[in-house]
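Visitor: First the structure, then my questions, so here it is.
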Amino acid sequence: MSGSAPQMNIFGFQDTDIPLAPPFAVILCNIFTVFLAKGPLKWKMPLFPPETTTLKKRLVVASVFAAAIAYQFYLCKVSLHSTGSGIAFTPVEGITRSGPYAYSRNPLYLQFFVEIIPLMAYISNSRWVFFWHFPVMLLYLTMVVVPAEEAFLLKHHASTYTDYYNTVPRWF
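When we follow my numbering, the leftmost residue of the sequence shown carries the number 462, and every step to the right adds one.
Below you can see the structure in the form of C-alpha cells.
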C-alpha cells in the first residue's frame, strides 16, 4: 500500500489487522439471538408487565430512539471525515479529536452499549438482551477489538495517537 493511508481490515480479508467480525454480521447475530430467545426457547424475562405497553407503543418510542442513534452515528462520521478517515474499514488518514471523539476514543462502540443494546431490549421487551448481549459484546470489544485497533493506530499514527490516548478516555 505504498503512498496510501493505512487501512484496518476484518478477519478473513487480505492483510488482517483487526480481529473484528463485520459490524452488520454482529448486529444480525444479536437480532437472531433475541428472536431465538423469545421464539423457540421461550425465555421469559420481560422488562415491562404485559399491561404496561404494547409492541406498537414500543415501536413508536423505538423510532425516536433510532433517530437519536442515527444522529450520533452521523456525528461520528462527520468527525472522522474531518481528518480524511471514514467509518468501517476505510483508510485511516489521521486521528480525529472533534465531535464525540473529543470525549471517548470509541464512541461508536459506546453507542452500542448505551443505545443499541437497550433499544433491542426495549423492542423485544426482554431483560435477556442485557444478560447475554451486554457482557458478551463488552468482553469481545474490550479484550479483542479495541486493543487491536489501538495497536494499529499506534503503529501507523504513533505521535498523534499517543497524545490522544493519554488525554481521551477509552469509554467515558
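Note that CB positions come from ideal geometry on N, CA and C, so glycine has one too. Note that this is a predicted model, so its numbers are computed, not measured.
Starting from the N-terminal side, write out each stretch of the alpha helix (DSSP H) that is 4 residues or longer and does not extend beyond the region 558 to 604.
Guide: Complete alpha helix (DSSP H) runs here, min 4: 568 to 572, 578 to 585, 589 to 601.
Visitor: Thinking just about the alpha-carbon of each residue, which of Lys538, Pro561, Arg558 is nearest to the one in Thr551?
Guide: Closest by alpha carbon: Lys538.
Visitor: Throw me the rounded Cβ distance for the Leu536 and Pro561 pair, which I believe falls under 8 Å.
Guide: Confirmed, Cβ separation roughly 5 Å.
Visitor: State the Cα-Cα distance for the pair His618 and Arg558, rounded to the nearest angstrom.
Guide: Near 14 Å, if we compare the C-alpha coordinates of Arg558 and His618.
Visitor: Does the structure place the region 518 to 528 close enough to the region 577 to 584 that three or more beta carbon pairs sit under 8 Å?
Guide: The region 577 to 584 is in contact with the region 518 to 528.
Visitor: Pick out whichever of Pro608, Glu610, Leu516, Pro568 has its Cα sitting closest to the Cα of Tyr532.
Guide: Per the Cα distances, Pro568.
Visitor: With distance defined between alpha-carbon atoms, name the residue in Pro630, Thr494, Leu497 nearest to Arg566.
Guide: The candidate whose alpha carbon is nearest that of Arg566 is Pro630.
Visitor: Going by DSSP in three states, Arg631 sits in which element: helix, strand or coil?
Guide: Correct three-state label for Arg631: coil.
Visitor: In whole angstroms, give me the CA-to-CA distance for Val521 and Glu576.
Guide: Approximately 16 Å between the Cα atoms of the pair.
Visitor: Report the rounded CA-to-CA distance for Ala563 versus Ser585, giving the unit in angstroms.
Guide: The alpha-carbon atoms of Ala563 and Ser585 are separated by roughly 33 Å.
Visitor: Between Val553, Ala609, Leu602, which lies nearest to Thr621 when the distance is taken from Cα to Cα?
Guide: Selected option, being the one with the closest Cα: Val553.
Visitor: Tell me which same chain residues have a C-beta within less than 8 Å of the C-beta of Thr494, skipping the five on either side of it?
Guide: Correct list, in chain order: Trp593, His594.
Visitor: Between the Cα of Trp548 and those of Glu610, Tyr625, Leu516, spot the shortest distance and give me the residue it belongs to.
Guide: Residue identity differs from the one stated: residue 548 is Ile in this sequence, not Trp. Out of Glu610, Tyr625, Leu516, Glu610 has the C-alpha closest to the C-alpha of Ile548.
Visitor: Assign Val597 to one of two classes, buried (16 or more other C-beta atoms within 10 Å of its C-beta) or exposed (fewer than that).
Guide: Counting Cβ neighbours within 10 Å, Val597 comes out exposed, since fewer than 16 surround it.
Visitor: Just the Cα atoms here: how many angstroms apart are Gly500 and Ser587?
Guide: The straight-line gap from Cα to Cα measures roughly 12 Å.
Visitor: Among Leu497, Thr603, Tyr570, which has the Cα closest to the Cα of Phe534?
Guide: Nearest option by C-alpha distance: Tyr570.
Visitor: Taking the alpha-carbon positions, what's the Leu516 to Gln572 distance?
Guide: When rounded, the distance between both Cα atoms is 23 Å.
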